[in-house]
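Q: In the working numbering, the protein residues as written are -11 to 553.
1) Using only the alpha-carbon positions, how far apart do residue 487 and residue 525 sit?
2) Does the Cβ-Cβ distance between residue 39 and residue 236 come in under 8 Å?
3) Whole alpha helix (DSSP H) runs in the stretch 402 to 476 with 4 or more residues, listed along the chain?
4) Enumerate in chain order the residues of its own chain whose CB-to-CB distance from residue 128 is below 6 Å, with the five nearest sequence positions on each side excluded.
5) What three-state label does DSSP hand residue 131 in the structure shown?
6) Of all the options 17, 520, 136 and 33, which has the alpha carbon lying nearest to the alpha carbon of residue 299?
7) Residue 85 by DSSP, collapsed to three states: which one?
8) With a 10 Å radius around its C-beta and 16 neighbouring C-beta atoms as the bar for buried, classify residue 444 as buried or exposed.
9) Out of 200, 226, 471 and 101, state which residue places its alpha-carbon closest to the alpha-carbon of residue 209.
10) Determine the contact status of residue 182 and residue 173, defining contact as a CB-CB distance below 8 Å.
11) Any contact of the stretch 266 to 273 with the stretch 25 to 37, i.e. 3+ C-beta pairs under 8 Å?
12) Residues in its own chain within less than 7 Å of residue 167 by CB, not counting five upstream and five downstream?
13) Thinking C-beta only, is residue 286 closer than 8 Å to residue 211?
14) With residue 499 as the anchor, note down where its alpha helix (DSSP H) starts and where it stops.
15) For residue 37, collect the residues of the same chain with a Cβ closer than 7 Å to its Cβ; drop the 5 residues on either side in sequence, then sort them by chain order.
16) Within its chain, find whatever has a CB closer than 8 Å to the CB of residue 389; leave out the 5 residues flanking it on each side and keep chain order.
17) Let me know the beta strand (DSSP E) ranges lying completely inside the stretch 121 to 192, each 3 residues or longer, listed in chain order.
18) Using the DSSP secondary-structure output, state which residues sit across from residue 216 in a beta bridge.
19) Residues bridged to residue 285 by DSSP?
20) Can you tell me the Cα-Cα spacing of residue 520 and residue 123, whole angstroms?
21) DSSP beta-bridge partners for residue 270?
22) Would residue 394 pass as a contact of residue 406 if the rule is Cβ separation under 8 Å?
23) Per DSSP, which residues does residue 509 bridge with? Please list them.
24) Under 8 Å by Cβ, that's how I've got residue 428 and residue 489 pegged, so tell me the actual separation to the nearest angstrom.
25) When DSSP builds the beta bridges, which residues end up paired with residue 116?
26) Pair every Cβ in the stretch 70 to 79 with every Cβ in the stretch 409 to 425, then say whether three or more of these pairs are closer than 8 Å.
27) Compare the Cα-Cα distances from residue 117 to each of 96, 141, 130 and 86 and report the closest residue.
28) Quick check for students: name the residue ranges of the alpha helix (DSSP H) that lie wholly in the stretch 41 to 83, counting only runs of 4 or more.
29) Measure the alpha-carbon distance for residue 84 versus residue 111 and round it to whole angstroms.
30) If contact is defined by three or more beta carbon pairs under 8 Å, each pair taking one atom from either stretch, is the stretch 446 to 458 in contact with the stretch 420 to 427?
31) With distances taken from CA atoms, which of 527, 508 and 494 is nearest residue 518?
32) Verify whether the separation of the beta carbon atoms of residue 90 and residue 108 is less than 8 Å.
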């Protein structure tokens, strides 16, 4: 059957009418989507502001609690003497806010003297509160929340940077996101005698604050550099603590102005990058802490899936669907006529591209063609070459990043994560073979005065030299790691006796006792050491570490006594 001019014109007119109806429907939906999206953005920004005010209120409540504890006579009394009654009274006061508010991980009284020795300390351990005392009390003078707080005026509050708590023996706080708030304890003359420090559970605070948010809301928090502190995907948080950068501005480039301080807030419609499959509407604001802190501004944000917002347009979509179906039925006629002529050459190219492989045996592409298909084939060939080069470069960088993630950047020794893995393997082997192993803690004595007197560059050189000498004193099968600023740990698997481990420890101590030559000057360095043996001192890594740590502090105390004598 052949169509005449009338039939052809009828088809053209019918298509024109359908197209006009479809364009009108699309424009109506776009206008409705714009209004709905703008309303959702405003709602997100308002909710973010409210959440920011609630965070400020929580911080102010904790600050008022710490100020009240610092002004209580029991705080100064516990610092003025070793009166156990004053310390017990203060411990009771510490327990009251911790029982009322699960946001607290710890509350401590730290002396300005004795290298920041803890005087009174209450820790949260699961659902119970634990008072820590005796040899378990630690020196914290090298932490910023101690020495920076001591420089504050009475009544001021200091807030630390947000990070993963790595302080040994901190019970429930260990390995958890936390922030420390602190205020000085002063005497009648206004002289700082110590600090009251509260460690706050970051996840717990935000879980409580976000409990009233709708289920589809996503909560984000980043520090002033953009590093994620809270993210819907927990694996993206605290990347800087794992040797990598996972930043807000990389996921939401439009928030860069807020991070740089050029804008106080930003509303974003994120539909590119990783959000292309599920676009998000988001609002971010810069919340600045009104107290002494090195953290700067926090970037707080809320987001919702765009699809959830636009679900309210479903009735309109039903109408549009009917229009689209009519257009599709009409388009089928045109597609049947044009499909073969247009798609056949593309199918040829698609079959060649489908056979691409990564084993270097690339199938032939129709690059000899002089039409548009040939030009596209040549572009594919160039792209394949570029991808191969980029994959090789990415593999090289991945290897470098993997090494950095498991080794200390300064000394080259394994870091805590790699050491924990090797400790677990060594313990499993010792249990299986009924063997022995030893754990040796090494702490550089008086390292902070070296940093303060000679500078951090010299301090880093000292740490590198100490690491080198430790490495020289152990076997290839042993593991030496740096787990803190001036703290090292050595794993000695397969030892025959405790005396063998003691000889290794003596060898390390003798090596480090030899003067160090730093930039032509000799520098004397000493260390405190603590040994723990498997299975004599414990059957797991935590128990062994506790015994080794206790032995190290005992050695440090004995060393101080000898030096004072």
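In this text, a Cβ means the ideal position worked out from N, Cα and C, and glycines have one as well.
A: This is what the structure gives:
1) Within the chain shown, numbered from 1, the residue matching residue 487 stands at position 499. Within the chain shown, numbered from 1, the residue matching residue 525 stands at position 537. Computed Cα separation, rounded: 15 Å.
2) Your numbering for residue 39 matches position 51 in the chain shown. Your numbering for residue 236 matches position 248 in the chain shown. No, Cβ-Cβ distance for residue 39 and residue 236 is not below 8 Å.
3) 404 to 421, 435 to 442 and 444 to 460
4) By 1-based counting over the chain shown, the position of residue 128 is 140. Counting only Cβ-Cβ distances below 6 Å, and skipping sequence neighbours, we find 98, 104 and 134.
5) Start at 1 with the first residue of the chain shown, and residue 131 comes out as number 143. It is coil, neither helix nor strand.
6) Position 311 of the chain shown holds residue 299. Closest by alpha carbon: 17.
7) If you number the chain shown from 1, residue 85 lands on position 97. Residue 85 falls in the helix class under three-state DSSP.
8) Translated into the one-based positions of the chain shown, residue 444 becomes position 456. When all chains shown are included, residue 444 counts as exposed.
9) Numbered from its first residue, the chain shown carries residue 209 at position 221. Per the Cα distances, 226.
10) Taking the first residue of the chain shown as position 1, residue 182 is located at position 194. Taking the first residue of the chain shown as position 1, residue 173 is located at position 185. Yes.
11) yes
12) As a working mapping, residue 167 is identified with position 179 in the chain shown. So the qualifying residues of the chain are 147, 148, 150, 188 and 190.
13) Walking along the chain shown from the start, residue 211 turns up at place 223. Walking along the chain shown from the start, residue 286 turns up at place 298. Contact flag set, yes.
14) On the chain shown, position 511 is the one that residue 499 refers to. 486 to 501 is the span of the alpha helix (DSSP H), which, as asked, contains residue 499.
15) For the purposes of this step, residue 37 is taken as residue 49 along the chain shown, with counting starting at 1. Answer for residue 37: 273, listed in chain order.
16) Within the chain shown, residue 389 is the residue found at index 401, counting from 1. Taken in chain order, the residues that qualify are 231 and 232.
17) 165 to 174 and 180 to 189
18) For this step, residue 216 is matched to residue 228 along the chain shown. In the DSSP output, where bridge partners are listed per residue, residue 216 has 210.
19) As a first step, residue 285 is located in the chain shown; it is residue number 297 there, counting from the start. Answer is 276, bridged to residue 285.
20) Reading the chain shown from its first residue, position 532 is the one you call residue 520. Reading the chain shown from its first residue, position 135 is the one you call residue 123. If you take the alpha carbons of residue 520 and residue 123, they lie about 16 Å apart.
21) Working through the chain shown from its first residue, we reach residue 270 at position 282. Residue 270 is bridged to 256 and 291.
22) As a working note, residue 394 is residue 406 in the chain shown. As a working note, residue 406 is residue 418 in the chain shown. A contact, by the Cβ cut-off of 8 Å.
23) By one-based count along the chain shown, residue 509 stands at place 521. Partner(s): 506.
24) By one-based count along the chain shown, residue 428 stands at place 440. By one-based count along the chain shown, residue 489 stands at place 501. Going by Cβ atoms, the distance from residue 428 to residue 489 rounds to 7 Å, so yes, they are a contact pair.
25) Locating residue 116 in the chain shown gives position 128, counting from the first residue. Answer is 113, bridged to residue 116.
26) no
27) Position 129 of the chain shown, counting from 1, holds the residue named residue 117. Of 96, 141, 130 and 86, the residue nearest in Cα terms is 86.
28) 61 to 68
29) Translated into positions along the chain shown, residue 84 becomes position 96. Translated into positions along the chain shown, residue 111 becomes position 123. Looking at the two C-alpha atoms, the distance is approximately 12 Å.
30) no
31) For the purposes of this step, residue 518 is taken as residue 530 along the chain shown, with counting starting at 1. Closest option to residue 518, Cα to Cα, is 494.
32) Working through the chain shown from its first residue, we reach residue 90 at position 102. Working through the chain shown from its first residue, we reach residue 108 at position 120. Result no, Cβ atoms of residue 90 and residue 108 do not sit closer than 8 Å.
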